[in-house]
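Visitor: A single structure is presented below for examination.
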Amino acid sequence: MENGNTENTEKPAQNGGAPPQNGNGEMCMSLNAVNKWYGEFHVLRDINLEVCTGEKLVVCGPSGSGKSTLIRCINRLEEHQEGRISVNGIELNDDLKHIDEVRREVGMVFQHFNLFPHLTVLQNLTLAPIWVRKTPKNEAEEMAMHFLKRVKIPEQAAKYPGQLSGGQQQRVAIARSLCMKPKVMLFDEPTSALDPEMIKEVLDVMVELAREGMTMLCVTHEMGFARTVADRVIFMDEGQIVEENNPEDFFNNPQNDRTKLFLSQILSH
Amino acid sequence: MDDSQQQQPAALQPPKIPWRRDPAVRALFFQGALIAALLWAIVTVAGNTARNMEERGIKIGLHFFDDVAPFSIPLDFFPFWSFTLGESLYWEVFVIGVQNTIIISVFGIIGATALGFFVGVLRLSPNWLVAKFAAAYIEAFRNTPLLLQLLFWNFAVFLPLAPPPRQSWTLGESFILNKAGLYLPNPVLTGIGTVIFTVSAVAAIAAIIAMRKWAKKRQEETGKPFPLFFASLAVLIAAAVLALLFAGEQVSFEYAELKGLNYRGGARLPLIAFALWFGLTAYTAAFIAENVRGGIVAVAKGQSEAARSLGLHHGATLKLVVIPQAMRVIIPPTISQFLNLTKNSSLAVAIGYPEVVNVWAGISLNQTGQSLVIMAMTIGVYWVLSLLTSAALNYYNTRVQLRGR
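Protein chains in written order, with my numbering: chain G, 1 to 269; chain U, 1 to 405.
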């Protein structure tokens, strides 16, 4: 805000201040006046966001509103050009050591799973623990099996990703991230590429993860998930956080016109 | 046929296709015609050649194999088959030619693969200068004829650069470099020396294999990596030094000496061979680099993003995630480059490297006039080499294919 964003000064409608409900109040992640451009295109405008440990955030908004870019900035898959981002007290800047540390703390699940097709499910899960955390192989495999059981597909360990259904692949991807024992999980539209029947099995895993107290930042249009799990829902439009509220007020009593329009569009079916 | 069709009700009888419109008949006809045409061409060409040779009084056959070859081959490689003027026979000329083709092809393929991978990866570097340098290299080398490049390296670079024998660059008595090539001491083993060196070589290899297993096991159990490359190097050097100490008197070195105008003795790496290897490597690497770049680009961006978000570094991402997937795209066009390199080695005729086209299809054919036999054998050599290369790489390629697709 201090940066004086002249062309679009509309401030987010902070309805009721949206206090964290599930977090323990400890700061986990903070974004401060973050700006990002793709060439001339101003994709993130003056983003301010604070997330407490254990909090679950759902980010929604029309396509092109910058929600994916926002969470990709948090583990430096995208670089922000202005402002500050810090995760678990680690400032995200050009320091390669900081980037490595943040990536180890932050797990990410992608829309298209991005499993490594040349490795078995088990190898997908043990790759990073072995090469990044230097975990002994049998220990890494034990941990991998533990997380595969949690996502309910331990019997698929020896298969290749191409032999699994979309829902199974996404569950493997979640387990792969969990194997690095992250403090925060980022989800970038994890169910958008799935058949309707498979969405539930992935959401179930995510709900369970949320119950166990994982800090989660989730870009999704699954409004049912947002209602049951989220502590806060953030609505983005044209690179700005337009509205930020607890799910109940967000869905029942949206303040911003753009939010109202969006909700009426996606909830009309 | 028309009669039987009329006897039965038309509805029960499938419509009869006239043979001119039957695809099976057509296929058979065209295949037969092609084979007939090919046979006719072969018989005509072979008959013509045979008649011409008969008119010139040349008897077709393999009898000339055991004749003494009345010419000298300009260079040969230590420890391989070598040529002696006035003693060596024609079949030995063939063996030497094939051997030299294989040597230059194998080393050329190794060099071109290493350099090609390196340049291909550099070309994708986020560093502007590095990427542009790699691009400039590729464009410079693949856009000029190979023959020109070989002439350039041999006659414009290496030959003028290297000193004449009398002004050789020397490093003690061991290394001597001049226009003829690089001379190294030639180890001469006698008596138990041979045994000691063989044993130490076998022991070193066994030790390295054991060490690899141990290092892998340790990494699996404790997660600690082990500097395998440097440790292996140390073992090899230690084995060589120990063998030298133990062999004592049983090993001696034959040094090259200046006799008259040239050095004699020792082990020689001919400058022409180096120039040819350098030219073939640099040229083919430019093409392989483009294959490598294409393969890496073809791997979905999400793959490296996933690896990076798991905390893998740039190098580890490339090695563990991107390159293994890129290989299935890189290999098929790279097989072609390996075959090209093998065949292109015949351009060595221009700078006088004694490979098979030069000494067999060139000198020997001129001397004997046995064009039919010699050409068939030379063609056969390239066929066999190419098919072996393809088979080996295709086998590797099937092993890196993705499963479950």
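Glycine included, every Cβ here is placed at the ideal spot set by N, Cα and C.
1) Would L228 of chain U pass as an interface residue toward chain G - the criterion being a Cβ-Cβ separation below 8 Å?
2) So V34 of chain G packs on I85 of chain G, CB below 8 Å; how close in whole Å?
3) Should the region 336-346 of chain U be regarded as contacting the region 300-313 of chain U, the criterion being three or more beta carbon pairs within less than 8 Å?
4) For the candidate residues G:F235, G:L186, G:A128, whose alpha-carbon lies nearest to that of N75 of chain G?
5) Assign V381 of chain U to one of two classes, buried (16 or more other C-beta atoms within 10 Å of its C-beta) or exposed (fewer than that).
6) Along chain G, which residues have their Cβ under 7 Å away from the Cβ of S309 of chain U?
7) List, in order along the chain, the chain U residues whose C-beta lies closer than 7 Å to that of I153 of chain G?
8) State the DSSP-derived secondary structure class of H63 of chain U, mapped to helix, strand or coil.
9) Excluding sequence positions up to five away, which residues of its chain have a Cβ less than 7 Å from the Cβ of L378 of chain U?
10) For the beta strand (DSSP E) containing T170 of chain U, list its first residue and its last residue.
11) When you compare each of U:T398, U:A286, U:M327, U:F107 to L122 of chain U by their alpha carbons, which one comes out closest?
12) Please list, in chain order, the chain G residues whose beta carbon lies closer than 9 Å to that of P324 of chain U.
13) Thinking K36 of chain G and H80 of chain G are a contact (beta carbons under 8 Å), I'd like their distance in whole angstroms, please.
14) For chain G, is any of its Cβ atoms less than 8 Å away from the one on F78 of chain U?
15) Rounding to the nearest angstrom, what Cα-Cα distance links R56 of chain U and A69 of chain U in this structure?
16) Apply the 10 Å Cβ neighbour rule to S264 of chain G and answer buried if 16 or more other Cβ atoms are within range, or exposed otherwise.
17) By how many angstroms is the C-alpha of F235 of chain G removed from the C-alpha of L44 of chain G?
18) If the cut is a Cβ gap below 7 Å, which residues of chain U does A128 of chain G touch?
19) Taking 7 Å as the cut-off, is the C-beta of G64 of chain G nearer than that to any heavy atom in the ligand GTP?
20) Decide if the region 191-209 of chain G is in contact with the region 171-179 of chain G; the criterion is three or more beta carbon pairs, one per stretch, under 8 Å apart.
21) By DSSP, does Q255 of chain G sit in helix, in strand, or in coil?
22) Is D188 of chain G helix, strand or coil when you go by DSSP?
23) Step through the CB atoms of chain G and report whether any lies within less than 8 Å of the CB of T398 of chain U.
24) Residues of chain G with a CB under 7 Å from the CB of V321 of chain U: which are they?
25) Which residues, in chain order, does the region 144-178 of chain G contribute to contact with chain U at a C-beta distance below 9 Å?
26) Cβ of K213 of chain U less than 8 Å from any chain G Cβ?
27) Going along chain G, which residues have a C-beta under 7 Å from A361 of chain U?
28) Can you find a C-beta in chain U that's less than 8 Å from the C-beta of W131 of chain G?
29) Under 7 Å Cβ to Cβ from T69 of chain G, same chain only, skipping five residues before and after it: list those, please.
30) Which one of G:D100, G:E189, G:E55, G:I266 has the shortest CA to CA distance from K28 of chain G?
31) Taking the alpha carbon of A156 of chain U as the reference point, which residue from U:I351, U:L372, U:Y283, U:A392 has its own alpha carbon closest?
32) If you follow the alpha helix (DSSP H) that N340 of chain U is in, where does it begin and where does it stop?
33) Suppose contacts are defined by Cβ-Cβ distances below 8 Å. Is L276 of chain U in contact with Y353 of chain U by that definition?
34) Among G:P196, G:V58, G:G39, G:K137, whose alpha-carbon lies nearest the alpha-carbon of F250 of chain G?
35) Secondary structure at A162 of chain U, three-state DSSP: helix, strand or coil?
Guide: Reading it off the structure:
1) As a first step, residue 228 of chain U must be located in the second sequence, where it is residue number 228. False, the Cβ-Cβ gap to chain G never drops below 8 Å.
2) Taking the first residue of the first sequence as position 1, residue 34 of chain G is located at position 34. Taking the first residue of the first sequence as position 1, residue 85 of chain G is located at position 85. Between I85 of chain G and V34 of chain G the Cβ distance is about 6 Å, and since that is below 8 Å, they are a contact.
3) no
4) On the first sequence, position 75 is the one that residue 75 of chain G refers to. Closest option to N75 of chain G, Cα to Cα, is G:L186.
5) As a working mapping, residue 381 of chain U is identified with position 381 in the second sequence. Its Cβ being crowded by 16 or more others within 10 Å, V381 of chain U is buried.
6) For the purposes of this step, residue 309 of chain U is identified with residue 309 of the second sequence, where counting begins at 1. What S309 of chain U touches in chain G: N75, L77, R103, M108.
7) As a first step, residue 153 of chain G is located in the first sequence; it is residue number 153 there, counting from the start. Per Cβ cutoff of 7 Å: no residues; I153 of chain G is ~15 Å from chain U at best.
8) For the purposes of this step, residue 63 of chain U is taken as the residue at position 63 of the second sequence. Correct three-state label for H63 of chain U: helix.
9) Locating residue 378 of chain U in the second sequence gives position 378, where the first residue counts as 1. Going by the sequence as given, residue 378 of chain U is Thr instead of Leu. Contacts found: V356, V357, W360, A361.
10) What you label residue 170 of chain U is simply residue 170 of the second sequence in a count that begins at 1. Element bounds for T170 of chain U: 169-171.
11) For the purposes of this step, residue 122 of chain U is identified with residue 122 of the second sequence, where counting begins at 1. Nearest option by C-alpha distance: U:A286.
12) Position 324 of the second sequence, counting from 1, holds the residue named residue 324 of chain U. Going along chain G in sequence order, the residues near P324 of chain U (Cβ under 9 Å) are F116, H118, L119.
13) Working through the first sequence from its first residue, we reach residue 36 of chain G at position 36. Working through the first sequence from its first residue, we reach residue 80 of chain G at position 80. The Cβ separation is near 5 Å, so the contact holds.
14) On the second sequence, position 78 is the one that residue 78 of chain U refers to. Per-residue confidence for F78 of chain U stands at a pLDDT of 49, beneath the threshold of 50, marking its modelled position as unreliable; the derived number appears in the next sentence. F78 of chain U does not count as touching chain G.
15) Numbered from its first residue, the second sequence carries residue 56 of chain U at position 56. Numbered from its first residue, the second sequence carries residue 69 of chain U at position 69. Taking the straight line joining both Cα atoms gives about 20 Å.
16) One-based indexing of the first sequence puts residue 264 of chain G at position 264. Only exposed fits S264 of chain G, as fewer than 16 other CB atoms lie within 10 angstroms of its CB.
17) Locating residue 44 of chain G in the first sequence gives position 44, where the first residue counts as 1. Locating residue 235 of chain G in the first sequence gives position 235, where the first residue counts as 1. Their Cα atoms are separated by approximately 13 Å.
18) Residue numbering aside, residue 128 of chain G sits at position 128 when the first sequence is read from its first letter. Neighbours of A128 of chain G on chain U, chain order: L310, G311, L312.
19) Among the ligands in the structure shown, none appear at all, so the ligand GTP cannot be discussed.
20) yes
21) Position 255 of the first sequence, counted from the first residue, corresponds to residue 255 of chain G. Coil at Q255 of chain G, not helix or strand.
22) Along the first sequence, read from residue 1 onward, the residue named residue 188 of chain G stands at position 188. Here D188 of chain G sits in strand by DSSP.
23) Residue mapping note: residue 398 of chain U aligns to position 398 of the second sequence, counting from 1. Cβ-Cβ to chain G under 8 Å: no for T398 of chain U.
24) To locate residue 321 of chain U, count along the second sequence from 1; it is residue 321. Residues of chain G passing the Cβ test: F116.
25) K159, Y160, P161, G162, Q163, L164, A173, R176, S177
26) Position 213 of the second sequence, counting from 1, holds the residue named residue 213 of chain U. With 8 Å as the cut-off, K213 of chain U does not count as an interface residue toward chain G.
27) Along the second sequence, one-based indexing puts residue 361 of chain U at 361. Under the 7 Å cutoff, chain G gives no residues; its nearest Cβ is about 44 Å from A361 of chain U.
28) Numbered from its first residue, the first sequence carries residue 131 of chain G at position 131. Interface residue, yes.
29) In the first sequence, residue 69 of chain G corresponds to position 69, counting from 1. These residues qualify, in order along the chain: K36, V43, L44, E78.
30) For this step, residue 28 of chain G is matched to residue 28 along the first sequence. For the record, residue 28 of chain G in the displayed sequence is Cys; it is not Lys. When only C-alpha atoms are compared, the closest one is G:E55.
31) By 1-based counting over the second sequence, the position of residue 156 of chain U is 156. Here the closest residue by C-alpha is U:I351.
32) Taking the second sequence and counting its residues from 1, the one referred to as residue 340 of chain U is at position 340. From DSSP, the alpha helix (DSSP H) with N340 of chain U extends over 323-344.
33) By 1-based counting over the second sequence, the position of residue 276 of chain U is 276. By 1-based counting over the second sequence, the position of residue 353 of chain U is 353. Yes, these two residues count as a Cβ contact at 8 Å.
34) Counting from one through the first sequence, the residue named residue 250 of chain G turns up at place 250. When only C-alpha atoms are compared, the closest one is G:V58.
35) Counting from 1 along the second sequence, the entry for residue 162 of chain U is found at position 162. Looking at A162 of chain U - three-state DSSP - the assignment turns out to be coil, as it is neither helix nor strand.
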